[in-house]
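Residue numbers (this note's numbering), protein chains in the order written: chain A, 648 to 911; chain B, 7 to 281. The C-beta atom is built at its ideal place from N, Cα and C for all residues, glycine as well. These notes concern the structure reproduced below.
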Amino acid sequence: MSMTERMTGQFIPGASLLHSLDARAKLFGFILLTAAVILADTVAGYALIIALMLLLTAVSKLPVSTVVGSVRRMFWFFVIIFIMNCLFYSAEDPIWSWWIISLSKAGAVQGFNVMFRILIILVLSNIFTLVTPPLEITSAIQSMLKPLKLLRLPADDIAMIISVAIQFIPTLLQEADTIKMAQIARGARFESRKLHERAAAMLPLIVPMFLSAFKRADELATAMEARGYRGAKHRSGKKAAPMPAGSYASILFCAAVCAAEIII
Amino acid sequence: MIKAKDLIFSYDCEGGRHRSLDGACITVRDGELVAVLGHNGCGKSTLVKHFNALLEVQKGELTVAGLDAKSEANIWTLRRKVGMVFQNPDNQFVSSVVAEDVAFGLENYGVDGSEIPERVSAALALVGMAGFERRSPHMLSGGQKQRVALAGVLAMDPDILVFDEVTSMLDPDGRREVLSVIKRLHSQQGKTIVMITHYVEEAVFADRVYLMHDGRMLADGAPREMLTDLELLRRTGLTPPTPVRMYHDLKAAGFELPYCPLTNEELAEELCRLK
Ligand SMILES: Nc1ncnc2c1ncn2[C@@H]1O[C@H](COP(=O)(O)OP(=O)(O)OP(=O)(O)O)[C@@H](O)[C@H]1O
Ligand SMILES: [Mg+2]
C-alpha cells in the first residue's frame, strides 16, 4: 500500500511555503517550470534546473525519498531510452556502427537530454501533487480551462474528471498488483525471459483490470450522484477568491526561471 | 417516512423480460430502523436506489419524506434528505483528503464555503473520526473508510439513511465499528434507517425486518419473529442465525430450550440453564 501511495505522489499535508501557495499559482508555476525544463539545453541551463529542484525540495519540507518517489521504479525505462537514443539517433559521425545501428556522440547527448527532461518533469509533477490537495487542483484546472467555455466545452466537468481519475491511480495500481499475484499463483510468467510468454501473461492482467475499472467508475458515478453531484458548475467553490500577493510572486519567479532558460 | 407501493422495475426498460422489482411494497416509519434481507440479486439495491431517485419509478407509487419520488422536480431535494452509503468503500471517494471528500456533498448543494469546515468536523465527530480531516482515505482501514463515507453523507444532515451492504467488505472489527455507529445514529440522532444486509446476524437489532425474494417482499415483522421462522427463511433463501440453528438442532436431539435464542449471548444463557 505505502508503495503505491508514494508512487503517484498523493497529497501529504504540511505547513511549508509550497503547501500554503494558492493552487492556481502552483499549477501555473508548474506549467512554466515544465516549459523551462524543456527549454534547457546548456550546462548552465541544467545547473539552474537542478538548483531549482533542490530549492523546491528543501522548501517543500518533504523527504527526498518521497519527492523522488516513483522515478526510482522507472530506472530501466530511462536506461532503455538512453540506449535507444545512443544507437539510433544519428547516423553521422558514428563511433561504431553495424547495419542500421550506429553509436554516436550526438545520440548520447540526445539520450541524456531526453532522460533528464522526463526525469525532472516527473519529479516536478510529483512535488506539485504532493503539496496540493486534489480538489484544489481540480478548481485550479477549472479556472485555467475557463477559456474552453467560450468553445462551449464543459470545462468544469473536464477538471472534475481529471482530478477523480488521478484519485483512482493508487487504487488501480494496487489492484494490478493483486491480480498479478493471483495470476502468478496460477502459473503466469511475468518474469519470463521470453518476450512472447511475458506478453501472453499480460493479457489476463489487462482484461480484469479494464472490467474492474469500469465497475469502479460506474459505482463512483452512482455514489457521486447520490451525494447530489449534477455537474461541476452547480458546486460552491472558492472560485471568486483573489490570489494573494505571495502567489503572484511565485508565478513571477517561475516566469523568471523560464526566461533565464530561454536566454542561456 | 418511506412508503412504496407495488414498485415494478426492470433494467432493460419497457418490455423487459426480467423484472428486478416485481411489486415491491415497503413502509418505513420516521425514526425506525428497518433491515432488508434477501439473497443475492433479489432486488434489494434496485429497491433502495428508488428512494433517492437514482432509479426512476417505472410503475407503482413511492413517497419519501413527504415527496413524490416520481416528480422530476423533487430529485435534488430527495438526494439531500436521503443519504446513501454503498458497499465498496474504495469506490466512493472523490478526494484523497478526508475533509475534501466529506465536503463534496455540501459543495454540490452550494453550501457557503465559510460554513463547510465546521460541518465537516461535526460530521466526522459523529462517526468517531474527529481529527482525521487531513488524512488520506486510502490510508485508512476498511471500517474507517466506511465511517468517512458515512460522514460525507451525514454532513448534509439527511433525515433518512440508506445503507447498502456497507459491512459486507469489512473485517469483523470494521463491521463492529460501522454497526455501532449505525446503532448510535439511530438511537441518539433519531435517524430513519434502511439497512440492507445479507448477514442475518446484523438484522437482529433492527426494529423491523423485511424479507425480500425475487423482487418482492415475502414478509415483514419483528426480528425475533422473522429470524426464527425456519420455513420463511428457507423460502427467502437465507441461512438462519447460528443460535436459531442450534436451537432447532438441540430440539431434534431431544433438548428443548425454553425459547429460541437470537444472539450468541442469549444462546449461552439458555445453555447454561440447561441441566
Ligand atoms: N445495472 C444493471 N443492469 C442490468 N441488470 C441489473 C443491473 N443491476 C442489477 N441488475 C439485475 O437486477 C436484479 C436485482 O439486482 P440488485 O442489484 O438489485 O440485487 P441485490 O439484491 O442488491 O443483490 P446483491 O445482494 O448481490 O447486492 C439482478 O438479477 C441483477 O442481475
Ligand atoms: Mg446489492
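Among the options, the one whose alpha carbon lies nearest that of residue i
| i | options | result |
| --- | --- | --- |
| A:K862 | A:Q830, A:L819 and A:G878 | A:L819 |
| A:I774 | A:G716, A:L852, A:Y895 and A:R671 | A:G716 |
| B:P164 | B:I199, B:T33 and B:S142 | B:I199 |
| B:V108 | A:A870, A:S663, A:L800 and A:A864 | A:A870 |
| B:R86 | B:H24, B:L160 and B:V187 | B:L160 |
| B:R181 | B:K197, B:S193, B:K151 and B:I166 | B:K151 |
| A:F729 | A:T713, A:L709, A:S751 and A:S744 | A:S751 |
| B:E139 | B:G148, B:V168 and B:V103 | B:V103 |
| B:V100 | B:A79, B:H144, B:L256 and B:Q64 | B:H144 |
| A:G661 | A:A682, A:F815, A:V690 and A:K708 | A:K708 |
| B:E124 | B:E207, B:M162 and B:F211 | B:M162 |
| B:V184 | B:G148, B:C278, B:Q98 and B:R279 | B:G148 |
| B:W82 | A:A873, A:A892, A:G893 and A:P889 | A:A873 |
| B:R141 | A:F759, A:G893 and A:Q657 | A:Q657 |
| B:F169 | B:R190, B:S77 and B:V91 | B:V91 |
| A:V756 | A:D865, A:N732, A:A802 and A:S667 | A:N732 |
| B:K50 | B:G29, B:K76, B:A259 and B:R190 | B:G29 |
| B:L176 | B:G119, B:P95 and B:T52 | B:P95 |
Chain-order list of residues whose beta-carbon lies under 8 Å from that of residue i (same chain, five-residue window excluded)
| i | result |
| --- | --- |
| A:S810 | P781, L782, I784, T785 and I788 |
| B:S174 | Q93, T203, H204 and Y205 |
| A:E822 | M856 and S859 |
| A:Y895 | A672 |
| A:L769 | S717, V718 and M721 |
| A:L680 | L699, L771, C901, V904 and C905 |
| A:L734 | I748, S749, L750 and G754 |
| B:R25 | I14, F15, S16 and G221 |
| A:S649 | Per-residue confidence for A:S649 stands at a pLDDT of 41, beneath the threshold of 50, marking its modelled position as unreliable; no derived number is given. |
| A:I898 | A672, F675, G676 and L679 |
| B:K65 | D12, L13, I14 and F15 |
Own chain partners of residue i with C-beta closer than 7 Å, once the 5 adjacent residues on each side are dropped
| i | result |
| --- | --- |
| A:V711 | T704 |
| B:L209 | The displayed chain sequence assigns Ala, not Leu, to residue 209 of chain B. A41, L43, T203, V215, P229 and L233, listed in sequence order. |
| B:K55 | L61 |
| B:P249 | P267, L268, T269, N270, E272 and L273 |
| A:I685 | R764 |
| A:S737 | S751, A753 and G754 |
| A:M890 | D669, R671 and A672 |
| A:I813 | P781 |
| B:Y253 | L263, C266 and P267 |
According to DSSP, residues forming a beta bridge with residue i
| i | result |
| --- | --- |
| B:I166 | B:V88 and B:T198 |
| B:M135 | Partner(s): none; B:M135 has no beta bridge. |
| B:D226 | B:Y216 |
| A:G676 | The partner list for A:G676 (beta bridge, DSSP) is empty, contrary to what the question assumes. |
| B:V40 | B:V200 and B:R214 |
| B:V34 | B:I8 |
| B:K65 | B:I14 |
| B:R73 | Arg is not the amino acid found at residue 73 of chain B; the sequence shown has Leu there. Note: B:L73 sits in a beta bridge opposite B:V70. |
| B:D28 | B:I14 |
| A:L750 | A:W743 |
Contact set for residue i: own chain, Cβ-Cβ below 6 Å, skip 5 residues either direction
| i | result |
| --- | --- |
| B:V6 | For chain B, the structure presents residues 7 to 281; residue 6 of chain B sits outside this window and is missing. |
| B:H192 | L39 and I199 |
| A:I659 | L777 |
| B:A105 | V126 and E139 |
| A:T651 | Only weak support exists for where A:T651 lies, its pLDDT of 42 falling under 50; the coordinates are left without a value. |
| A:A683 | V904, C905 and E908 |
| B:Q276 | Rather than Gln, the amino acid found at residue 276 of chain B in this sequence is Glu. L263 and P267, listed in sequence order. |
Any C-beta of chain D under 8 Å from that of residue i
| i | result |
| --- | --- |
| B:L160 | As a matter of chain content, chain D is missing from the structure shown, whose protein chains are A and B. |
Three or more C-beta pairs below 8 Å linking the stretch 32 to 46 of chain B and the stretch 215 to 234 of chain B: yes
Three-pair Cβ contact test at 8 Å for the stretch 151 to 161 of chain B versus the stretch 131 to 143 of chain B: yes
Are there three or more Cβ pairs, one per stretch, closer than 8 Å when the stretch 688 to 699 of chain A is compared with the stretch 899 to 908 of chain A? yes
Does the stretch 876 to 883 of chain A come close enough to the stretch 103 to 116 of chain B to have 3 or more Cβ pairs within less than 8 Å? yes
Listed in chain order, which residues are found with a beta carbon closer than 5 Å to a heavy atom of ligand 1? B:Y17, B:S26, B:N46, B:G47, B:C48, B:G49, B:K50, B:S51 and B:T52
Does the stretch 258 to 269 of chain B come into contact with the stretch 235 to 246 of chain B, if we say contact requires no fewer than three beta-carbon pairs (one atom in each stretch) closer than 8 Å? no
Kindly confirm or deny that the stretch 66 to 74 of chain B and the stretch 825 to 841 of chain A touch, where touching means at least three C-beta pairs closer than 8 Å. no
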